[in-house]
Structure formats: C-alpha cells, structure tokens
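A.B. asks:
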Amino acid sequence: MIEAIMPPAGVSGVAGAGYVTGAQGAGTPGLGLRPAQAPEGAFAATLGSAMDEVQSLQSTSRELGVQALTGDLTDMHEATLASSRASVALEMVSTVRNRGVEAFNEIMRMQA
Amino acid sequence: MSMDAIGIAGTALTVHRKWLDSVSDNIANVNTVRSTEDAAFQARYVTAQADASGQGVHVAGVSFGDAEGRLAHEPDHPLADEDGYVRYPDIDMAEQMGSLIMAQRGYQMNAAVVDRAKETYQAALQIGQNR
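Protein chains in written order, with UniProt numbering: chain A, 1 to 112; chain B, 1 to 131.
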C-alpha cells in the first residue's frame with residue numbers, strides 16, 4: 001500500500017516558482033498546495049454589477065418600446081438605439097460569463 | 001461600459017430628425033397666405049452645435065426667416081387688402097428641397113454609424129473564439 005507520496009529520488013530542493021503562493025518545495029513530504037488568497041467572490045461581484053447594468057438598459061429599452069407602441073415617443077430612433085445597446089451589453093456580459101466558466105472548466109480538467 | 005459611438009450617432013440622429021421636421025413644416029407652409037397686416041409665415045432653420053462634452057451634437061436654437069415675405073397681387077383672395085395684395089412666405093423651394101435631401105442623408109449616415117458600431121462591438125466579442 002502506498003502511504004505517502006514520496007518525492008522521486010533524483011529530485012530535491014526544487015522550490016516553488018512563485019506563481020502559486022503556498023507551494024512547498026519538493027523535498028517536503030505530502031502535498032503542500034493551498035489555494036492562493038483571491039478576493040472573495042470578485043468575479044461574481046463584477047458579473048453581478050454588469051448584470052445590473054444590463055438589466056437597467058433592458059428596462060429602458062422596454063419602456064421606450066412601450067412608448068413607441070402607445071405613440072408617446074418623440075424620437076423613433078431612441079427605441080431602436082436602446083434595444084441595440086441592451087442587446088450588445090447582454091452579449092458582452094454573457095461572453096464574459098462564458099469565458100469565465102470555460103476557464104474554470106479548463107482548470108477542472110487539469111488532472112493526470 | 002462605454003458605447004460612445006452609438007450615443008454620439010444618436011445625438012446626430014436627433015438633430016437630423018429636428019431638421020427634417022423643420023423642413024417639412026417649411027414646405028407644408030409654402031403656400032400659407034396671410035393678410036398684409038400680419039407677418040408672413042416665417043421659415044424655420046435649425047442651428048446645430050457641437051456638444052460641450054465633446055460627444056455629439058445638439059440643436060442650439062432655431063432661427064426664423066423673413067417676416068416681410070413677398071407681396072402678391074390677388075384681388076380675388078379673401079385675405080386681400082383694399083389694394084388687392086396678400087402676403088406669401090419668402091421660402092425658397094429649391095433650398096428647402098436641398099435641405100430635405102441633406103437632412104435625410106445625414107440621418108441615414110448616422111443610422112449606418114450605429115449599425116457599424118454595433119457590428120464592431122460584436123466583432124470585439126468574437127475575438128479569440130476559434131469557431
């Protein structure tokens with residue numbers, strides 16, 4: 001039975017490259033990896049605030065759409081402009097989210 | 001989020017819409033006759049001005065055409081004075097038609113800018129997607 005992961009005989013004294021904090025040298029027994037200290041939920045907060053912005057753009061677009069239908073709109077282009085804006089903003093937020101999830105999945109696949 | 005091109009083109013669309021409105025009003029009133037005691041119908045001309053913020057354009061104000069108009073001798077007209085004169089507005093139809101075309105093309109141009117800007121932003125979102 002394997003009780004502990006021992007370093008290969010020929011390798012000793014390899015220190016962490018410095019990219020991952022808390023990585024121990026290969027000489028110490030056991031896995032010394034701890035997660036890097038990232039700000040809690042930074043990505044989620046950024047995505048959330050971007051989502052709020054998209055929400056407000058879409059509600060503006062909806063409001064102007066209703067005004068266009070009821071005849072209260074003075075400028076026709078305002079409604080179409082708002083809808084273009086809202087759609088581009090939504091596309092951007094969804095792209096950012098997809099890339100984030102992609103990166104996460106890529107990391108999750110990193111196992112031998 | 002900055003989507004300036006769409007906003008800037010939007011301000012120009014508004015200016016051109018107002019220009020179109022004023023030209024249509026001028027052309028609609030080209031045969032508006034007044035009695036010689038009243039002022040003639042005054043053509044409206046919008047003045048465009050760059051925004052102080054440096055982003056876009058807005059209508060600074062409206063100037064009016066000549067209130068004098070031109071007098072025409074039409075004794076049978078119900079508004080004619082004792083000498084048989086009525087007052088027509090002093091509107092140059094050729095100038096108004098030229099303005100109409102410029103306003104229309106300007107509006108179309110800025111609508112094209114909005115489309116291109118949107119396409120550009122969407123292209124930016126496609127960067128790095130190898131599909």
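C-beta atoms are modelled at their ideal positions from N, C-alpha and C, and glycine is treated no differently.
Is Thr14 (chain B) near the ligand ZN, with its Cβ less than 6 Å from a heavy atom?
C.D. replies: Among the ligands in the structure shown, none appear at all, so the ligand ZN cannot be discussed.
A.B. asks: Tell me Thr47 (chain B)'s beta-bridge partners as DSSP assigns them.
C.D. replies: B:Gly61
A.B. asks: For Met22 (chain B) and Ala80 (chain B), what's the separation of their Cα atoms in angstroms?
C.D. replies: First, the residue type needs correcting, since residue 22 (chain B) is Ser and not Met in the sequence shown. Answer to the nearest angstrom: the Cα atoms are 28 Å apart.
A.B. asks: Tell me whether Leu71 (chain B) sits in a helix, a strand or coil according to DSSP, three-state version.
C.D. replies: strand
A.B. asks: Give a yes or no on whether the C-beta atoms belonging to Thr11 (chain B) and Gly54 (chain B) are separated by under 7 Å.
C.D. replies: Taking 7 Å as the Cβ cut-off, Thr11 (chain B) and Gly54 (chain B) do not qualify as a contacting pair.
A.B. asks: Exposed or buried, what is Ile101 (chain B) when buried is set at 16 or more other beta-carbons lying within 10 Å of its beta-carbon?
C.D. replies: exposed
A.B. asks: Starting from Val86 (chain B) and walking both ways along the beta strand (DSSP E), at which residues does that stretch end?
C.D. replies: Element bounds for Val86 (chain B): 85-88.
A.B. asks: List, in chain order, every chain A residue whose beta-carbon is nearer than 8 Å to that of Gln122 (chain B).
C.D. replies: Val88, Glu91
A.B. asks: With burial defined as no fewer than 16 other Cβ atoms inside 10 Å of the residue's Cβ, what is the status of Arg116 (chain B): buried or exposed?
C.D. replies: exposed
A.B. asks: Determine the direct distance from the alpha carbon of Phe43 (chain A) to that of Glu53 (chain A), and round the result to whole angstroms.
C.D. replies: Cα atoms of Glu53 (chain A) and Phe43 (chain A): separation of roughly 15 Å, rounded to the nearest angstrom.
A.B. asks: Which chain A residues sit within Cβ distance under 7 Å of Leu125 (chain B)?
C.D. replies: Glu91, Met92, Thr95
A.B. asks: Looking at chain A, is there any beta carbon in it that lies within less than 7 Å of the beta carbon of Thr14 (chain B)?
C.D. replies: The beta carbon of Thr14 (chain B) sits closer than 7 Å to some beta carbon of chain A.
A.B. asks: Which two residues bound the contiguous alpha helix (DSSP H) that contains Leu73 (chain A)?
C.D. replies: Per DSSP, Leu73 (chain A) belongs to no alpha helix (DSSP H) and is neither H nor E.
A.B. asks: Taking Leu81 (chain A) as the query, report the chain B residues whose CB atoms sit under 7 Å from its CB, ordered along the chain.
C.D. replies: Ile6, Gly10, Val114
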